[in-house]
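Enquirer:
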RNA sequence: GGGUUCUUAGCUCAGUUGGCUAGAGUGUCUGCUUGACGUGCAGAAGGUCAUAGGUUCGAAUCCUAUAGGACCCA
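Numbering (the working numbering), first residue to last: 42 to 914.
1. Measure the CB-CB distance between residue 318 and residue 326 and report whether it falls below 8 angstroms.
2. Rounded to a whole number of angstroms, what is the C-alpha to C-alpha distance between residue 406 and residue 214?
3. What are the partner residues of residue 242, as DSSP defines its beta bridges?
4. Closer than 6 angstroms by C-beta to residue 10: which residues in its own chain qualify, once you throw out the five before and the five after it? Chain order, please.
5. Along the beta strand (DSSP E) that carries residue 317, what are the first and last residues, could you check?
6. Is the beta carbon of residue 87 less than 8 angstroms from the beta carbon of residue 500?
7. Hey, is the region 366 to 379 in contact with the region 193 to 202, meaning 3+ C-beta pairs nearer than 8 angstroms?
8. Can the beta-carbon of residue 875 be found less than 8 angstroms from the beta-carbon of residue 896?
9. Taking 8 angstroms as the cut-off, decide whether the C-beta atoms of residue 720 and residue 117 are in contact.
10. According to DSSP, is residue 184 part of a helix, a strand, or is it coil?
11. Could you tell me the distance, in whole angstroms, from the CA atom of residue 44 to the CA atom of residue 613?
12. Report buried or exposed for residue 176, applying the criterion of at least 16 other Cβ atoms within 10 angstroms of its Cβ.
13. For residue 102, which option in 687, 815, 587 and 601 has the closest C-alpha, if you only look at C-alpha atoms?
14. Can you tell which of 507, 902, 528 and 577 has its C-alpha closest to the C-alpha of residue 605?
15. Under 7 angstroms Cβ to Cβ from residue 810, same chain only, skipping five residues before and after it: list those, please.
16. Relative to the C-alpha of residue 448, which residue among 64, 774 and 217 is closest?
17. Could you tell me which of 147, 138 and 181 sits nearest to residue 163, measuring between CA atoms?
18. Take residue 510 and list the residues in its own chain whose beta-carbon comes closer than 7 angstroms to its own, dropping the five residues that flank it on each side.
19. Anyone know if the C-beta pair for residue 438 and residue 527 falls short of 8 angstroms?
20. On a Cα-Cα basis, can you pick out the residue from 53, 57 and 63 that is closest to residue 747?
21. Nearest-angstrom Cα distance between residue 496 and residue 503?
22. Under the rule that 16 or more other beta-carbon atoms within 10 Å means buried, what is residue 323, buried or exposed?
23. Going by Cα to Cα distance, which pick from 863, 886, 882 and 885 is closest to residue 900?
24. With residue 640 and residue 706 assumed to form a contact (beta carbons below 8 angstroms), what rounded beta-carbon distance in angstroms separates them?
25. Roughly how many angstroms separate the alpha carbons of residue 294 and residue 274, rounded to a whole number?
26. State the Cα-Cα distance for the pair residue 58 and residue 583, rounded to the nearest angstrom.
27. By the three-class DSSP mapping on this structure, what secondary structure does residue 456 have?
28. Measuring only the C-alpha atoms, how far is residue 652 from residue 759?
29. How far does the alpha helix (DSSP H) with residue 778 in it extend, from its first residue to its last?
30. For residue 519 and residue 111, which I take to be in contact (beta-carbon distance under 8 angstroms), what is that distance rounded to the nearest angstrom?
31. Please report the distance separating the alpha-carbon of residue 359 from that of residue 350.
32. Any idea if residue 547 is buried or exposed, counting beta-carbon neighbours within 10 angstroms, 16 or more meaning buried?
33. By the three-class DSSP mapping on this structure, what secondary structure does residue 177 have?
34. Only counting the same chain, and skipping five residues up and downstream in sequence, which positions put a Cβ closer than 8 angstroms to that of residue 879?
35. Evaluate residue 697 with the Cβ neighbour count: other Cβ atoms within 10 Å of its Cβ, from every protein chain shown; 16 or more gives buried, anything less gives exposed.
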């Protein structure tokens, strides 16, 4: 036994010092570093790399706890577990932060060179990039920190560029003048996936456009009046009777004076607005498509920052789009060309990073052809080579993969992987390769960088920096991520895996729950409802937070979280702590002897061993099915209900009253079982289990519960007989406690109990006696019911507690009647079933047997209760 | 508009291929200075399984419709 003083073991578990102590110990002994080892099977996870601007939030807690559970579990199962941590350069997000920082110093991007700007970015990365890793260490993650990666590491950068060159050379990347989503804040194109839609209370303006050489007007409705300055046509539905006579006529665009055609296109919805729409090909996707079909002119009226350019009348030039809107409306009103204005709610696309309305915008960009790339990636998911958990995400994935458009991968930014394309200064020739052209002075490189996701899509394959490692660890085993990046990242990693590696990037994908606040709202900074995980860890303990998250977060559903919920985990940790404390206290007086571990066993020992083995199996099964939430419930229930509530209580009889050898056997066994239990809990609660495990015995330097083997399920130890014996004891004990509670017998009062039963063993009697404070227990098969007593009936046993003077007959009668009513209700249900010919004819035999048994038992119980009632006086 | 998903105790949720008297945690009420733990122990109350049909010997579970919520796509 570890020579610990009990003063070292406080009554309440105090996680503070313990957590840092053990994390340091794990790192010092390098316990989570993985090396290629052909004799061991690898189990690999790559972390979803957080942005370098990122700090830990509650969603990370869930996500990383889940990864840690699997890594720790598999490590203890004997796998070569490798969890690669890393960080994403987050092109647009980081650049925005650095621009803002420079602005504080009154520096803008145009004032400094690209190189200088990048220096500022790297400084930012040095300063903030490591914060989240320190926070993750607090969470206890068992990452291999020697493998820490960054998406702009030299090796990784090279891989990203190589990927671009390969795709370019195979014709899968092309450059085109297209309409893209333009973020006026960062002055860059963004992908479709980076746009989110907000409902905006806006207006619908009805403008009158005069038709040339007639007195007629066509009324068009628009949510964006300012774009009229770029109108090059008016469209109506070809079937629309109201406008048929006008098709082919010319409109004179007010304010501008441009003559534009009125044409028919079936895209136009007759029901919307007036049925006539103004067409602004350069600033609306649908208009762009119509313009292509109808050969319309395209007039770009905006600069890169969404101010108006020289293509609009002088008085409207170089103004913000919203100021132009007001000016256009008031001018139209002056001209008497505003028919009406209605309130209108519409959805406006916003840039995810810049949080400003995006502008559909024509520009020269790089695109990736997705159609062929998607095919194998769709197949591996449909065929189940890559499994999604929960499975229903497959449908979302399929839908996206079959409706995908080409991916705009260029960004007009500086921070990121610069596109490896050079243009010849004179010939305009294009050069694309990993190395710059030899006569570099005659070329200039493309200014743009790649979309962040066009680098992180290689994450699963290129965090491994040499081919041997890559071959050994890839495909990785599990990806744990939030479903909101299924398109951004998960799908694209599968695409990249299939294309570059010819193999899937991971076998299983676990989509985590979204963590919301107690009212079901998303966690957000502006609402202030997002708790700081570090505060929670400090207040309740890290293990408590980890356990609570897994306990409340089911697979595939959002989870409502509030700080108080962490009490559940804290209480659970405290419970385990005190169970350990109980055993250690007893070990102060009782000599332990490992050779007695299998001696002096009775049914309680066999039962807890049986329960433990079944729990191992159930936990394994749950984890294999990614039902982590269920696994945590199994563990909770085993630890608290089986081990603490019953086994520990049962063991006290022998620990306090047995012979020295019995005491020693009972305690040695209990500690051994407790130790095995800690191993089961360890992946969920690494700190407390390590601490107690280290207290339980003298351990060698560098030894840790996290690197010993996980308990193995042994089916021969499942003992149905022992479980039945315990069940009987539990039923009797609960029935007696129930009586004590309901008729208010003081706990201090010792009572006498009569059991009418044929088969109560001496051992059972002893345990019953000790668990309900019985003075005298009489067991007799042919017992007559004593007078003035409280009674209860359990399967195989009638219970009588004489309480002369203490018991009110009416109270007892009510109690028995209530119980009878309850049983009768069930009894009638079962009887009805068995009287139903169809049931007896069609239901499986075992179901019928079970029902018959049930009816028989209940019938007997009813008889007994009735006779108790009859003899009540 | 299309898709996915959900609705079970006051609250938050389990309930696996349809088959024990639908379970936990928390909250409520009652009792407890029980030689690990009041962050605890013991006991109790609390459910028309959203609604309406259908399939079935049997439905919280499967099917259809309706109502309400959440998310994704357009």
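Think of the CB as a built atom: it goes at the ideal place given N, C-alpha and C, for glycine as much as any other residue.
Expert: In terms of the structure at hand:
1. The answer is no: Cβ separation not under 8 angstroms.
2. When only Cα atoms are considered, residue 406 and residue 214 end up about 10 angstroms apart.
3. DSSP lists 386 as partners of residue 242.
4. With the chain represented from 42 up to 914, any question about residue 10 goes unanswered, as that position is not in the structure.
5. For residue 317, the enclosing beta strand (DSSP E) begins and ends at 317 to 320.
6. Their beta carbons are under 8 angstroms apart, which means residue 87 touches residue 500 by this criterion.
7. No: fewer than three Cβ pairs fall under 8 angstroms.
8. Yes.
9. For the 8 angstroms CB-CB criterion, residue 720 and residue 117 form a contact.
10. Coil, per DSSP.
11. Residue placement at residue 44 is flagged as unreliable, the pLDDT there being 42, under the threshold of 50; the coordinate-derived value follows with that caveat. Cα atoms of residue 44 and residue 613: separation of roughly 26 angstroms, rounded to the nearest angstrom.
12. Answer is buried; the Cβ neighbour count reaches 16.
13. Nearest of 687, 815, 587 and 601 to residue 102, Cα basis: 587.
14. For the residues 507, 902, 528 and 577, the minimum Cα distance to residue 605 belongs to 577.
15. Closer than 7 angstroms at Cβ, skipping near neighbours: 818.
16. For the residues 64, 774 and 217, the minimum Cα distance to residue 448 belongs to 217.
17. Looking from the CA of residue 163, the closest CA among 147, 138 and 181 belongs to 138.
18. The residues are 77.
19. Less than 8 angstroms separates the beta-carbon of residue 438 from that of residue 527.
20. The candidate whose alpha carbon is nearest that of residue 747 is 63.
21. When rounded, the distance between both Cα atoms is 10 angstroms.
22. By the 16-neighbour rule on beta-carbons within 10 angstroms, residue 323 is buried.
23. For residue 900, the nearest C-alpha among the options comes from 863.
24. Residue 640 to residue 706, Cβ: 5 angstroms. Contact.
25. Each residue's Cα considered, the two are about 9 angstroms apart.
26. A straight line joining the alpha-carbon of residue 58 with that of residue 583 spans about 11 angstroms.
27. Coil.
28. The alpha-carbon atoms of residue 652 and residue 759 are separated by roughly 7 angstroms.
29. Segment 761 to 783, the alpha helix (DSSP H) holding residue 778.
30. Between residue 519 and residue 111 the beta-carbon gap is near 6 angstroms, inside 8 angstroms, which marks them as a contact.
31. C-alpha separation (whole angstroms): 6 angstroms.
32. It is buried - the Cβ of residue 547 has at least 16 other Cβ atoms within 10 Å.
33. If DSSP states are grouped into helix, strand and coil, residue 177 belongs with the helices.
34. Excluding positions up to five away in sequence, the list is empty.
35. Flag for residue 697 reads exposed.
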